[in-house]
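Numbering (our numbering), first residue to last: 941 to 1017.
All C-beta atoms, glycine included, are put in the ideal place defined by N, C-alpha and C.
A quick note: this is a predicted structure, and the numbers were derived from the prediction, not measured.
Before any comments, here is the structure.
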């Protein structure tokens, strides 16, 4: 089964006669889009890792303040 296509005004697109779909034939644009998407996902992953580290440091800070308070109570007795 062959796909019948008609060239459009924009050379990076063709129209499929059967489905009337507009198809992008620009392979470089597709590769660029994939690179950008991978970069975005990497950035999101890095942000999530940093958020986890900030939460962990916040927990440690709260625990240190609690220890400090308990030590002050022991010293003042």
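Pairwise C-alpha distance: residue j and residue i
i: residue 1009; j: residue 1016; result: 11 angstroms
i: residue 973; j: residue 965; result: 13 angstroms
i: residue 956; j: residue 975; result: 27 angstroms
i: residue 946; j: residue 963; result: 10 angstroms
i: residue 985; j: residue 995; result: 16 angstroms
i: residue 1001; j: residue 1014; result: 20 angstroms
i: residue 954; j: residue 978; result: 27 angstroms
Distance cut-off 7 angstroms: residue i Cβ against heavy atoms of the ligand MN
i: residue 977; result: Absent from the structure shown: the ligand MN. Ligands present: none.
Residue i, enclosing alpha helix (DSSP H) - first and last residue
i: residue 970; result: 967 to 1016
Residue from the options with nearest C-alpha to residue i
i: residue 952; options: 995, 967, 983, 959; result: 967
i: residue 958; options: 971, 949, 969, 944; result: 944
Element boundaries [beta strand (DSSP E), containing residue i]
i: residue 944; result: Residue 944 -> no beta strand (DSSP E), and no H or E assigned at all.
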